[in-house]
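Participant:
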Amino acid sequence: MSVAATRGAPYHRKPWLKRMADSSEPYLYSAPALILIVVVMLVPLVLGISYAFRDIQLLNPFSGGYIGLEHFRALGQDDAFYRALKNTLWWTGASVLLQFVFGLILALLLDRPFWGRGVVQALVFLPWAVPSFLAGLNWAWLFNPVIGPLPHWFFALGLMDEPGNLLSDPRYAMWGPIIANVWWGIPFFAITLLAALQAIPRDLYEAASIDGANWFQRFSSITLPFLAPTIAITVLLRTVWISNFADLIVVMTGGGPADRTQIVASYIFTQAFKRLDFGYASAIALVLLGLLMIYSMLIILLRQSLINKD
Amino acid sequence: MASIDIKNLKKAYGTFSVLHGIDLLIKDGEFIVLVGPSGCGKSTLLRMIAGLEDVSEGEIQIDGLRVNERHPKDRDIAMVFQSYALYPHMTVAENMSYSLRLRRAAKETTARAVSAASQKLGLDPFLERRPKALSGGQRQRVAMGRAIVRQPKAFLFDEPLSNLDARLREQMRAEIKKMHADLKATSIYVTHDQIEAMTLADRIVAMHGGVVQQVGSPLELYDRPANLFVAGFIGSPGMNFLEGRAEDGGLRLRDGSLVVLGALSKDLKGQEVTVGVRPEHVVLHHEGEGMSARVDLIEPTGFGIIVHLQLNGLPIKVFTLDRSALSCGPNIGVTLPAEHLHLFDAQGIRQGA
Amino acid sequence: MRSSLLPTVAHRLAIFAYIIFALFPLFWLLKVSVTPNDLLYSEGVRLWPSQTTFEHYADVLRHSAFPTFFKNSVIVSGSTAIVVTICASLSGYALSRFSFRTKYWIIALMLLTQMFPLVMLVAPIFKILSPLGLTNSLTGLVIVYSAFNVPFATFLMQSFFDGIPKDLEEAAMIDGATRFVAFRQIILPLTLPGIAATLGFVFTAAWSELLFALMLINGNDAATFPVGLLTFVSKFSVDFGQMMAAGILALIPAGFFFLLIQRYLVQGLTAGAVKG
Ligand SMILES: Nc1ncnc2c1ncn2[C@@H]1O[C@H](COP(=O)(O)OP(=O)(O)OP(=O)(O)O)[C@@H](O)[C@H]1O
Ligand SMILES: [Mg+2]
Numbered sequence: 001m002s003v004a005a006t007r008g009a010p011y012h013r014k015p016w017l018k019r020m021a022d023s024s025e026p027y028l029y030s031a032p033a034l035i036l037i038v039v040v041m042l043v044p045l046v047l048g049i050s051y052a053f054r055d056i057q058l059l060n061p062f063s064g065g066y067i068g069l070e071h072f073r074a075l076g077q078d079d080a081f082y083r084a085l086k087n088t089l090w091w092t093g094a095s096v097l098l099q100f101v102f103g104l105i106l107a108l109l110l111d112r113p114f115w116g117r118g119v120v121q122a123l124v125f126l127p128w129a130v131p132s133f134l135a136g137l138n139w140a141w142l143f144n145p146v147i148g149p150l151p152h153w154f155f156a157l158g159l160m161d162e163p164g165n166l167l168s169d170p171r172y173a174m175w176g177p178i179i180a181n182v183w184w185g186i187p188f189f190a191i192t193l194l195a196a197l198q199a200i201p202r203d204l205y206e207a208a209s210i211d212g213a214n215w216f217q218r219f220s221s222i223t224l225p226f227l228a229p230t231i232a233i234t235v236l237l238r239t240v241w242i243s244n245f246a247d248l249i250v251v252m253t254g255g256g257p258a259d260r261t262q263i264v265a266s267y268i269f270t271q272a273f274k275r276l277d278f279g280y281a282s283a284i285a286l287v288l289l290g291l292l293m294i295y296s297m298l299i300i301l302l303r304q305s306l307i308n309k310d
Numbered sequence: 001m002a003s004i005d006i007k008n009l010k011k012a013y014g015t016f017s018v019l020h021g022i023d024l025l026i027k028d029g030e031f032i033v034l035v036g037p038s039g040c041g042k043s044t045l046l047r048m049i050a051g052l053e054d055v056s057e058g059e060i061q062i063d064g065l066r067v068n069e070r071h072p073k074d075r076d077i078a079m080v081f082q083s084y085a086l087y088p089h090m091t092v093a094e095n096m097s098y099s100l101r102l103r104r105a106a107k108e109t110t111a112r113a114v115s116a117a118s119q120k121l122g123l124d125p126f127l128e129r130r131p132k133a134l135s136g137g138q139r140q141r142v143a144m145g146r147a148i149v150r151q152p153k154a155f156l157f158d159e160p161l162s163n164l165d166a167r168l169r170e171q172m173r174a175e176i177k178k179m180h181a182d183l184k185a186t187s188i189y190v191t192h193d194q195i196e197a198m199t200l201a202d203r204i205v206a207m208h209g210g211v212v213q214q215v216g217s218p219l220e221l222y223d224r225p226a227n228l229f230v231a232g233f234i235g236s237p238g239m240n241f242l243e244g245r246a247e248d249g250g251l252r253l254r255d256g257s258l259v260v261l262g263a264l265s266k267d268l269k270g271q272e273v274t275v276g277v278r279p280e281h282v283v284l285h286h287e288g289e290g291m292s293a294r295v296d297l298i299e300p301t302g303f304g305i306i307v308h309l310q311l312n313g314l315p316i317k318v319f320t321l322d323r324s325a326l327s328c329g330p331n332i333g334v335t336l337p338a339e340h341l342h343l344f345d346a347q348g349i350r351q352g353a
Numbered sequence: 001m002r003s004s005l006l007p008t009v010a011h012r013l014a015i016f017a018y019i020i021f022a023l024f025p026l027f028w029l030l031k032v033s034v035t036p037n038d039l040l041y042s043e044g045v046r047l048w049p050s051q052t053t054f055e056h057y058a059d060v061l062r063h064s065a066f067p068t069f070f071k072n073s074v075i076v077s078g079s080t081a082i083v084v085t086i087c088a089s090l091s092g093y094a095l096s097r098f099s100f101r102t103k104y105w106i107i108a109l110m111l112l113t114q115m116f117p118l119v120m121l122v123a124p125i126f127k128i129l130s131p132l133g134l135t136n137s138l139t140g141l142v143i144v145y146s147a148f149n150v151p152f153a154t155f156l157m158q159s160f161f162d163g164i165p166k167d168l169e170e171a172a173m174i175d176g177a178t179r180f181v182a183f184r185q186i187i188l189p190l191t192l193p194g195i196a197a198t199l200g201f202v203f204t205a206a207w208s209e210l211l212f213a214l215m216l217i218n219g220n221d222a223a224t225f226p227v228g229l230l231t232f233v234s235k236f237s238v239d240f241g242q243m244m245a246a247g248i249l250a251l252i253p254a255g256f257f258f259l260l261i262q263r264y265l266v267q268g269l270t271a272g273a274v275k276g
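Heads up: the protein sequence lines correspond to chains A, B and C, in order.
Residue numbers for the first sequence follow full-length UniProt numbering, beginning at 1 and rising by one.
Residue numbers for the second sequence follow full-length UniProt numbering, beginning at 1 and rising by one.
Residue numbers for the third sequence follow full-length UniProt numbering, beginning at 1 and rising by one.
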């Protein structure tokens with residue numbers, strides 16, 4: 001008993017130490033990631049937000065002072081910004097919708113076993129690995145009548161009066177980056193949706209078949225409800241990424257012709273690095289961030305209600 | 001080997017209370033079986049002893065030492081999981097030797113311990129295989145082997161046989177019993193299986209809703225259940241219950257009819273009681289003798305026969321070895337022998353001897 | 001039998017169409033890169049030139065800083081992939097296995113980082129890094145890319161960990177392992193597909209990054225492939241053969257890496273993420 005008492009004593013004395021060790025464990029694991037995020041993203045974000053209320057122009061040595069909401073007032077009267085906002089809606093909406101539809105079809109096609117599926121899957125997912133600026137260049141070249149085949153094909157099909165460059169036609173220029181974006185982004189949707197499809201228990205389909213459900217009924221009563229939460233989160237992430245994603249536009253059209261392809265993200269880029277007005281660029285970025293957060297809230301609420309339904 | 005002393009142990013997840021103060025002293029070398037309905041906290045109790053769940057209140061002692069704050073690795077306890085939890089990327093031999101390798105035991109010691117265990121469990125042909133390439137029964141043995149190589153202070157089993165088929169379960173049950181006779185290791189065993197509980201246990205702990213209902217040897221629980229819950233839970237087919245008011249001649253049921261039971265304890269007269277009787281203790285007669293009952297259903301089990309009766313509108317199960325019961329008519333006579341009756345008061349507490 | 005023939009044919013045709021759509025642009029890149037300059041315009045829309053040449057590749061490799069770009073990109077992408085995978089394994093494990101008070105705040109923070117217009121961060125990051133001597137340095141790029149990729153990689157790793165039963169590390173802890181040893185010896189080896197997927201995902205992302213590579217680096221010495229390619233394009237904007245040869249070269253490592261890991265992506269996501 002004396003042995004027990006002496007050996008037992010430390011344990012009696014230290015429960016708070018053990019409690020602290022226990023509760024700090026998850027933080028120890030997340031610390032490296034959190035430090036990275038806070039130092040390289042959160043602190044700069046706060047700095048960036050402060051820029052939105054300051055006059056920061058790289059070429060003007062007298063800038064730097066606080067100007068309150070001046071940038072936002074200017075933004076309210078900036079027609080170029082409203083046009084960019086409209087273009088962003090169009091660019092994001094069309095890209096996400098097309099990527100989603102084609103991604104879903106591809107996932108459904110790949111969900112069926114067939115000979116050579118592994119290779120096919122690798123090939124159709126390959127565009128995702130292409131660096132985005134290279135994808136942009138690649139498609140710009142394809143649209144270029146000098147070395148690209150597309151204008152000649154469009155001409156042959158009667159879609160164009162002459163083999164010209166789609167990217168310099170103000171009416172259709174936005175389609176260039178959208179097509180490149182769809183090409184590049186289908187795999188992301190296909191990968192996540194395929195994973196979700198493969199997680200659906202097969203016997204559900206068998207049971208539905210025995211109950212006499214046809215393909216479309218099975219799709220709408222089993223597949224879609226199962227996919228819905230994945231679809232919601234994937235669409236959310238993609239929307240947010242794509243509306244921030246200026247690479248393709250900067251590389252392919254630079255926002256032209258006549259600002260027809262200028263989206264908010266590329267407008268920020270122009271303000272910051274062509275006009276070197278970081279204050280104004282930050283103000284626009286802040287507005288975009290706010291809009292995206294509102295949008296995300298809505299999607300998350302929607303997803304929550306989808307999950308809670310069943 | 002070790003004794004385990006559990007004192008007023010409580011567990012709550014947030015505001016949801018799972019264990020409400022468990023007291024249990026497990027002697028060195030004892031085989032304890034925990035039984036109880038699903039969700040009553042058996043696994044929680046086991047996992048707290050192993051150190052996988054924090055203690056909300058109370059104390060766990062192993063060999064007289066408080067271990068509440070000890071990490072599972074420092075408790076020297078082995079556990080066999082229902083899912084076996086074999087390491088998929090290790091061979092059978094590596095699975096079994098993992099704990100010894102963690103302790104940096106000498107190579108020869110480890111090899112000897114593994115080969116002794118594998119011999120005992122008939123795993124020699126499979127030592128170099130991965131768990132994926134084993135049958136369910138073989139995996140179960142590996143899980144047992146992993147537990148015994150390290151000669152821990154105590155073994156914990158959480159429904160270790162429930163993923164096996166009936167035949168294999170019977171076989172493993174016997175092996176576990178042999179192993180315990182061999183190693184004399186303190187063991188705590190959770191099961192849903194009545195026969196496992198009855199055959200393996202030195203003492204059974206019956207739990208319900210996070211509270212220990214009764215602790216005792218299997219036959220104690222079977223013959224003298226402390227309350228209605230234990231009476232109904234232990235035994236298969238389960239005990240028959242008749243509820244009513246105790247009177248001189250027997251039990252006055254709700255519908256006003258009287259079931260003749262001989263003498264009920266006098267202090268209970270006029271009170272609401274429940275009378276229990278095990279199916280094998282109900283005596284069947286030809287029609288006309290005893291109380292008259294209607295036959296609802298006859299289930300031959302091979303070994304015996306289960307007859308479902310209606311006695312004054314109450315369902316009664318009878319277990320008999322007499323095959324003539326198979327051909328009985330639509331009505332039959334029954335008596336409920338006084339010496340086999342269990343009497344419970346309105347609170348469900350056992351009354352009398 | 002006939003009733004099932006039609007859907008099968010339609011299925012194969014659709015698959016074929018997807019393959020063509022996915023590969024045609026890359027094929028065109030390859031085609032122009034091996035077309036001799038004098039045939040480029042005369043055989044503009046032909047599917048394959050009547051003569052092929054590798055001189056564009058030779059030019060790119062010999063007369064430009066591409067070998068340096070290539071080396072820099074490999075260093076940056078490789079280091080980023082390793083750093084992110086280590087950090088994301090740890091944090092993904094924490095999100096998967098612990099329930100702690102600030103968990104949902106951490107998740108929200110990580111989601112929020114996905115919404116930043118990164119352009120907004122260029123100037124502040126520059127301001128933070130330059131006193132540390134981390135601008136115009138590969139280390140600085142690795143740090144920045146790691147931070148950008150850690151949130152998504154964390155979600156990815158979390159989904160892989162969610163697919164591995166908790167029993168396993170509990171068994172290991174009972175066997176005598178600390179939680180960290182159980183994580184390293186039991187859980188990590190089982191997550192190898194997930195680790196491969198995360199490595200590949202981050203590698204390709206870092207390989208493609210243009211904005212910060214452009215802003216934080218000046219001069220050729222620390223320039224990465226995208227920057228090199230872009231300056232190359234603006235300088236030689238008429239020499240399509242060389243540009244596309246450079247493009248093909250830029251594509252090879254990322255494409256190769258991706259082909260290796262893409263099936264683990266599907267597997268891993270099936271196991272975890274999509275359920276919750
Ligand atoms: N992590 C947890 N958080 C909240 N409640 C929990 C948690 N783990 C278990 N519980 C609850 O604790 C109660 C006891 O669970 P436990 O697993 O111990 O039951 P059990 O007796 O082992 O049941 P079974 O026979 O089905 O295995 C259950 O009501 C369960 O819902
Ligand atoms: Mg349990």
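Beta carbons are placed, not taken as given, at the ideal position from N, Cα and C, and that holds for glycine.
Would residue 157(C) pass as an interface residue toward chain B - the criterion being a Cβ-Cβ separation below 7 Å?
Facilitator: No, because no Cβ of chain B sits closer than 7 Å to the Cβ of residue 157(C).
Participant: Answer with yes or no whether the minimum CB distance from residue 98(B) to chain C is below 7 Å.
Facilitator: Residue 98(B) counts as touching chain C.
Participant: Kindly list the residues whose CB is nearer than 6 Å to the CB of residue 154(A), restricted to its own chain and excluding five residues on each side of it in sequence; keep chain order.
Facilitator: Closer than 6 Å at Cβ, skipping near neighbours: 160.
Participant: Is residue 172(B) closer than 7 Å to residue 161(B) when the C-beta atoms are compared?
Facilitator: In this structure, residue 172(B) lies closer than 7 Å to residue 161(B) by Cβ.
Participant: Check whether the Cβ of residue 162(B) sits closer than 6 Å to any heavy atom of ligand 4, and report yes or no.
Facilitator: Absent from the structure shown: ligand 4. Ligands present: ligand 1 and ligand 2.
Participant: Relative to chain C, which residues along the region 282-297 of chain A have a C-beta separation below 7 Å, given in chain order?
Facilitator: Listed by position, the residues of the region 282-297 of chain A near chain C (Cβ gap below 7 Å) are 282, 285, 288, 289, 292, 293, 296.
Participant: Cβ of residue 189(C) less than 7 Å from any chain B Cβ?
Facilitator: For residue 189(C), the answer is yes, since a Cβ of chain B falls inside 7 Å of its Cβ.
Participant: Could you confirm whether any beta carbon from chain B is found closer than 7 Å to the beta carbon of residue 194(C)?
Facilitator: No, residue 194(C) lies away from the interface with chain B (no Cβ there is under 7 Å from its Cβ).
Participant: Report yes or no: do three or more beta-carbon pairs, one from the region 251-263 of chain B and one from the region 218-235 of chain B, lie closer than 8 Å?
Facilitator: As far as the Cβ criterion goes, the region 251-263 of chain B does not touch the region 218-235 of chain B, which means the pair count is below three.
Participant: Closer than 8 Å, Cβ to Cβ, to anything on chain C: give me those residues from the region 118-134 of chain A, in chain order.
Facilitator: Here the close residues are 118, 120, 121, 122, 123, 124, 125, 126, 127, 128, 129, 130, 131, 132, 133, 134.
Participant: If contacts are defined as beta-carbon pairs under 8 Å, then residue 142(C) and residue 80(C) qualify, I think. What distance do you get, rounded to the angstrom?
Facilitator: Their Cβ separation, rounded to whole angstroms, is 5 Å, which keeps residue 142(C) and residue 80(C) in contact under 8 Å.
Participant: Specify whether the region 244-254 of chain A and the region 275-282 of chain A touch according to this definition: at least 3 beta carbon pairs, one from each stretch, less than 8 Å apart.
Facilitator: At 8 Å Cβ cutoff, the stretches do not touch.
Participant: Whose C-beta lies closer than 8 Å to the C-beta of residue 17(B) among residues of the same chain, with five residues either side of it excluded?
Facilitator: Only 10, 11, 210 meet the Cβ criterion.
Participant: Could you check whether the Cβ of residue 55(C) sits closer than 7 Å to any Cβ belonging to chain B?
Facilitator: Chain B, which has no Cβ nearer than 7 Å to the Cβ of residue 55(C), makes this no.
Participant: Between the region 135-147 of chain B and the region 37-53 of chain B, are three or more C-beta pairs nearer than 8 Å?
Facilitator: Output reads no: the region 37-53 of chain B does not touch the region 135-147 of chain B.
Participant: Using a cut-off of 8 Å between C-beta atoms, extract the partners of residue 112(A) located in chain C.
Facilitator: Simply 11.
Participant: Between the region 87-97 of chain C and the region 149-159 of chain C, are three or more C-beta pairs nearer than 8 Å?
Facilitator: These segments touch.
Participant: If we define contact as Cβ-Cβ less than 7 Å, is residue 272(C) a contact residue for chain B?
Facilitator: With a pLDDT of 47 at residue 272(C), under the threshold of 50, the modelled position of that residue is not reliable, and the figure given next carries that caveat. It does not; no Cβ of chain B falls within 7 Å.
Participant: CB residue 74(C) to CB residue 246(C), shorter than 7 Å?
Facilitator: Going by C-beta atoms, residue 74(C) is not nearer than 7 Å to residue 246(C).
Participant: What residues does ligand 1 have around it, judged by CB closer than 5 Å to any heavy atom, in chain order?
Facilitator: This selection yields 13(B), 18(B), 38(B), 39(B), 40(B), 41(B), 42(B), 43(B), 44(B).
Participant: Show which residues of chain B have a CB atom less than 8 Å away from the CB atom of residue 178(C).
Facilitator: Here the neighbours are 71, 73.
Participant: Based on Cα-Cα distance, which residue from 288(A), 27(A), 229(A) lies nearest to residue 301(A)?
Facilitator: Closest by alpha carbon: 229(A).
Participant: Pair every Cβ in the region 194-213 of chain B with every Cβ in the region 111-123 of chain B, then say whether three or more of these pairs are closer than 8 Å.
Facilitator: In short, these stretches do not touch, since the Cβ pair count stays below three.
Participant: Counting only beta-carbon atoms, is residue 81(B) nearer than 7 Å to chain C?
Facilitator: Closer than 7 Å to some Cβ of chain C, the Cβ of residue 81(B) qualifies, so yes.
Participant: Are the region 156-172 of chain A and the region 113-130 of chain A in contact at 8 Å, needing three or more beta carbon pairs?
Facilitator: Verdict: no, contact absent.
Participant: With a 10 Å radius around its C-beta and 16 neighbouring C-beta atoms as the bar for buried, classify residue 87(B) as buried or exposed.
Facilitator: Classification for residue 87(B): buried.
Participant: Contact criterion: CB-CB distance below 7 Å. Does residue 164(C) meet it with respect to chain B?
Facilitator: Residue 164(C) does not count as touching chain B.
Participant: Assuming residue 297(B) and residue 332(B) are in contact, meaning their beta carbons sit under 8 Å apart, how far apart are those beta carbons, in whole angstroms?
Facilitator: Their Cβ separation, rounded to whole angstroms, is 13 Å, which puts residue 297(B) and residue 332(B) out of contact at 8 Å.
Participant: Taking the straight line between their C-alpha atoms, what separation do you get for residue 258(C) and residue 156(A)?
Facilitator: Roughly 36 Å separates the two Cα atoms.
Participant: Touching or not, the region 189-200 of chain A and the region 227-242 of chain A, by the rule of three or more beta carbon pairs under 8 Å?
Facilitator: Because the criterion of three Cβ pairs below 8 Å is met, the region 189-200 of chain A and the region 227-242 of chain A touch.
Participant: In chain C, which residues lie less than 7 Å from residue 77(B) when you measure between Cβ atoms?
Facilitator: Within 7 Å Cβ-Cβ: 174.
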